[in-house]
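Line order of the protein sequences matches chains P and W. Mapping of the first sequence onto this note's numbering: position 235 corresponds to residue 235, and the numbering continues sequentially without gaps. Mapping of the second sequence onto this note's numbering: position 251 corresponds to residue 251, and the numbering continues sequentially without gaps. Quick notes on the structure that follows.
Protein chains: 2
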Amino acid sequence: MDFPSTPFSSDTASAACCASSGASEVACEACGLDPLCDALDYAEPESGLPEGILMRRRPVARGATLFEMGEPFHSIFAVKSGAFKSVIRDGTGASTVVGFYLPGELIGTEAYAGGRYSATVRALENSSVCELRMDRLSQSGRPLEEIQHAIITLLSQDLSSVRALQAELIRQSGPQRVAAFLVGFAHRLDERGLGAGEFRLPMSRSDIASYLGLASETVSRIFTRFQRQGLIRVRGKRTCLIDLPGLRKIAG
Amino acid sequence: MDFPSTPFSSDTASAACCASSGASEVACEACGLDPLCDALDYAEPESGLPEGILMRRRPVARGATLFEMGEPFHSIFAVKSGAFKSVIRDGTGASTVVGFYLPGELIGTEAYAGGRYSATVRALENSSVCELRMDRLSQSGRPLEEIQHAIITLLSQDLSSVRALQAELIRQSGPQRVAAFLVGFAHRLDERGLGAGEFRLPMSRSDIASYLGLASETVSRIFTRFQRQGLIRVRGKRTCLIDLPGLRKIAG
DNA sequence: CGCCCAGTTGAAACTTTTCAACTGTGGTGG
DNA sequence: CCACCACAGTTGAAAAGTTTCAACTGGGCG
């Protein structure tokens with residue numbers, strides 16, 4: 001190893017880390033829910049918005065579920081701080097991770113039409129969310145047009161990012177998927193102003209493996225290999241992307 | 001082979017086939033665009049709807065593109081008859097198939113937010129579409145609220161189906177993917193009332209392979225194996241699912 | 001301090017890809 | 001109408017990548 005000063009020594013880690021447990025919040029302006037919050041005047045007391053339509057900064061303990069798969073749809077959530085995973089359980093009882101949510105991102109949008117949540121969403125660490133009760137939106141007294149337009153924009157964005165992701169992941173090799181996952185993770189943090197150089201991966205290797213459709217051993221091996229190649233530095237859940245261009249090249 | 005009477009002999013095929021080139025149209029009531037067409041009175045002359053907002057049954061020749069990747073968003077399309085594929089081209093110039101569209105399904109929904117189409121969509125056979133010009137919708141004289149609600153429903157449905165698909169495909173083996181593809185294809189035809197027992201796969205093996213993230217040789221081998229196992233019967237592009245439960249079991 | 005479980009590592013089995021040759025089909029022109 | 005061509009599709013064999021099973025390591029938590 002030829003990294004003279006490691007940023008991972010435990011006494012400096014907390015200072016260097018930008019997404020540590022429960023620490024950093026996304027700014028409202030960078031949050032996906034902002035267009036809607038804006039239309040609802042952020043539920044400030046003077047806005048005259050009825051109680052319970054927009055609930056901000058609700059804390060969610062590590063391991064707690066936001067909702068269960070199959071439960072009737074009632075709210076869209078935005079992650080304010082922390083992280084969540086979305087898990088489905090198939091007919092045989094096996095569960096797979098279908099997504100992760102980081103600060104600023106929206107949870108539950110795909111349930112709008114079906115009327116039921118299609119996955120169980122669980123907090124990976126102590127987190128907080130803003131909750132918009134869709135079933136009470138008509139009581140808001142606000143013109144529906146603006147709200148609906150905002151929702152259309154949100155859904156459409158989600159749709160296009162999911163489409164892109166699907167296309168990327170399915171046809172790539174293990175190392176490509178892991179590289180794309182890391183680069184994407186860093187990018188998503190960066191996009192919301194949460195610093196991308198070094199971060200904590202709040203999910204387990206098995207969660208990553210399940211999400212990427214690989215065996216957890218394979219993910220582990222790829223992490224090790226990337227580290228040997230000087231592309232990343234890893235210490236437990238703390239991860240630092242050393243050679244972002246290199247990773248991007250692998251991700252394709 | 002022990003199939004005494006093959007339904008594939010060329011003289012009976014056209015009678016048996018339910019999705020042959022340019023033949024069968026989806027009924028409006030079974031089409032994904034119907035809620036919107038309904039809100040716009042199907043652009044009937046007496047509806048007073050300005051010209052060019054909703055154009056119905058526009059023919060599209062085999063190989064013609066509906067729109068190119070990157071082009072500004074202007075319309076949502078619904079397939080009336082035929083079939084389309086959606087293709088993206090990455091930085092290196094390699095192109096991959098990211099989706100197929102069958103009668104009754106919507107094309108272009110994910111471009112709404114970004115303002116640009118995210119893929120090139122091309123007709124796989126002589127087809128026809130209905131086109132809804134989103135950029136002229138405000139001239140329709142109709143209340144936006146109803147239209148927006150219909151769009152939200154469409155987007156949300158799309159989102160949930162794409163999510164489900166992504167989860168399925170990525171973590172499955174080759175045979176599982178192909179089985180799921182076949183079952184899904186039959187299901188989509190059936191859903192729109194287009195008969196599912198026997199059909200024409202309008203896309204090439206390479207298109208299927210690209211879509212499923214496999215080599216075309218692998219797809220070919222799997223088709224052959226399924227046929228040997230008595231799960232399907234194949235003659236060129238004509239395909240018949242013999243043992244649907246068996247395929248479903250493989251698809252997981 | 002030690003247990004427990006996530007994470008890592010190794011070796012063998014299996015799946016998929018790759019490269020290459022070959023076949024069959026549909027379309028075109030003689 | 002038939003022969004020929006081009007290309008999609010199929011098949012084979014070797015190489016590469018991934019999973020599986022099993023053993024081992026190390027860090028976090030009681």
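Where is the CB? At the ideal position from N, CA and C, for every residue including glycine.
Beta-carbon gap between residue i and residue j smaller than 7 Å
{"i": "Leu165 of chain P", "j": "Arg177 of chain P", "result": "no"}
{"i": "Arg57 of chain P", "j": "Ser128 of chain P", "result": "yes"}
{"i": "Leu124 of chain W", "j": "Lys85 of chain W", "result": "yes"}
{"i": "Val183 of chain P", "j": "Ala251 of chain P", "result": "yes"}
{"i": "Val87 of chain P", "j": "Ser95 of chain P", "result": "yes"}
{"i": "Leu66 of chain P", "j": "Leu54 of chain P", "result": "no"}
{"i": "Pro50 of chain P", "j": "Gln139 of chain P", "result": "yes"}
{"i": "Leu144 of chain P", "j": "Glu145 of chain W", "result": "yes"}
{"i": "Glu68 of chain W", "j": "Thr109 of chain W", "result": "no"}
{"i": "Pro294 of chain P", "j": "Arg116 of chain P", "result": "Chain P is shown from 1 up to 252; residue 294 of chain P falls before or after that span and cannot be answered."}
{"i": "Ile152 of chain W", "j": "Ile151 of chain P", "result": "yes"}
{"i": "Leu241 of chain W", "j": "Arg188 of chain W", "result": "no"}
{"i": "Val219 of chain W", "j": "Arg200 of chain W", "result": "no"}
{"i": "Ser160 of chain P", "j": "Ser118 of chain W", "result": "yes"}
Spatially closest choice to residue i from the options, by CA coordinates
{"i": "Phe185 of chain P", "options": "P:Asp158, P:Ser173, P:Pro202", "result": "P:Pro202"}
{"i": "Lys249 of chain W", "options": "W:Gln172, W:Phe199, W:Arg205", "result": "W:Gln172"}
{"i": "Gly104 of chain P", "options": "P:Ser206, P:Pro245, P:Arg192", "result": "P:Arg192"}
{"i": "Gly114 of chain P", "options": "W:His74, W:Ser118, W:Ser156", "result": "W:Ser156"}
{"i": "Asp158 of chain P", "options": "P:Tyr112, P:Asp90, P:Leu40, P:Gly52", "result": "P:Tyr112"}
{"i": "Val79 of chain P", "options": "P:Gly174, P:Arg89, P:Ser24, P:His187", "result": "P:Ser24"}
{"i": "Gly230 of chain P", "options": "P:Leu247, P:Arg238, P:Arg221, P:Ser220", "result": "P:Leu247"}
{"i": "Pro35 of chain W", "options": "W:Leu132, W:Arg89, W:Ala83", "result": "W:Leu132"}
{"i": "Arg228 of chain W", "options": "W:Leu214, W:Leu212, W:Arg238, W:Asp243", "result": "W:Asp243"}
{"i": "Val97 of chain P", "options": "P:Pro245, P:Leu212, P:Asp38, P:Arg200", "result": "P:Leu212"}
{"i": "Ala232 of chain W", "options": "W:Ser206, W:Leu214, W:Gly197", "result": "Note that residue 232 of chain W is Ile in the sequence shown, not Ala. Ranking the options by Cα distance to Ile232 of chain W, first place goes to W:Gly197."}
{"i": "Gly48 of chain W", "options": "W:Leu214, W:Arg225, W:Gly141, W:Phe223", "result": "W:Gly141"}
{"i": "Ala64 of chain W", "options": "W:Arg122, W:Leu214, W:Gly236, W:Ala167", "result": "W:Arg122"}
{"i": "Leu137 of chain W", "options": "W:Cys37, W:Val26, W:Phe226", "result": "W:Cys37"}
DSSP three-state assignment for residue i, whether helix, strand or coil
{"i": "Ala64 of chain P", "result": "coil"}
{"i": "Lys237 of chain W", "result": "coil"}
{"i": "Cys37 of chain W", "result": "helix"}
{"i": "Gly99 of chain P", "result": "strand"}
{"i": "Met303 of chain P", "result": "Summary: the structure shown does not reach residue 303 of chain P, with chain P confined to residues 1 through 252, and so no result is reported for it."}
{"i": "Ile250 of chain W", "result": "helix"}
{"i": "Val129 of chain W", "result": "strand"}
{"i": "Arg192 of chain W", "result": "coil"}
{"i": "Leu49 of chain P", "result": "coil"}
{"i": "Ser204 of chain W", "result": "coil"}
{"i": "Leu214 of chain W", "result": "coil"}
{"i": "Glu44 of chain W", "result": "coil"}
{"i": "Glu198 of chain W", "result": "strand"}
{"i": "Pro143 of chain P", "result": "coil"}
{"i": "Ile151 of chain P", "result": "helix"}
{"i": "Ile232 of chain P", "result": "strand"}
{"i": "Ile242 of chain W", "result": "coil"}
{"i": "Ser138 of chain W", "result": "helix"}
{"i": "Ser160 of chain P", "result": "helix"}
{"i": "Arg177 of chain W", "result": "helix"}
{"i": "Gly184 of chain W", "result": "helix"}
{"i": "Gln172 of chain W", "result": "coil"}
Heavy atom of the ligand COA within 6 Å of residue i beta-carbon
{"i": "Met69 of chain W", "result": "Of the ligands one can find in the structure shown there are none, so the ligand COA has no counterpart to examine."}
Per-residue burial, residue i [other beta carbons within 10 Å of its own, 16 or more giving buried]
{"i": "Leu92 of chain W", "result": "In the sequence on display, residue 92 of chain W carries Thr and not Leu. So Thr92 of chain W ends up on the exposed side."}
{"i": "Ala61 of chain W", "result": "exposed"}
{"i": "Glu217 of chain W", "result": "exposed"}
{"i": "Gly99 of chain P", "result": "buried"}
{"i": "Glu29 of chain W", "result": "exposed"}
{"i": "Gly70 of chain W", "result": "exposed"}
{"i": "Glu46 of chain W", "result": "exposed"}
{"i": "Ala209 of chain P", "result": "buried"}
{"i": "Glu44 of chain P", "result": "exposed"}
{"i": "Gly82 of chain W", "result": "buried"}
{"i": "Asp135 of chain W", "result": "exposed"}
{"i": "Asp90 of chain W", "result": "exposed"}
{"i": "Met1 of chain W", "result": "The predicted position of Met1 of chain W is uncertain, since its pLDDT is 32 and thus under 50; no value can be drawn from it."}
{"i": "Thr239 of chain W", "result": "buried"}
{"i": "Ala215 of chain P", "result": "exposed"}
For residue i: DSSP bridge partner residues
{"i": "Ile222 of chain P", "result": "According to DSSP, Ile222 of chain P bridges with nothing at all."}
{"i": "Thr120 of chain P", "result": "P:Val87"}
{"i": "Phe77 of chain W", "result": "W:Ile107, W:Glu131"}
{"i": "Glu25 of chain P", "result": "P:Ser81"}
{"i": "Pro72 of chain W", "result": "W:Arg116"}
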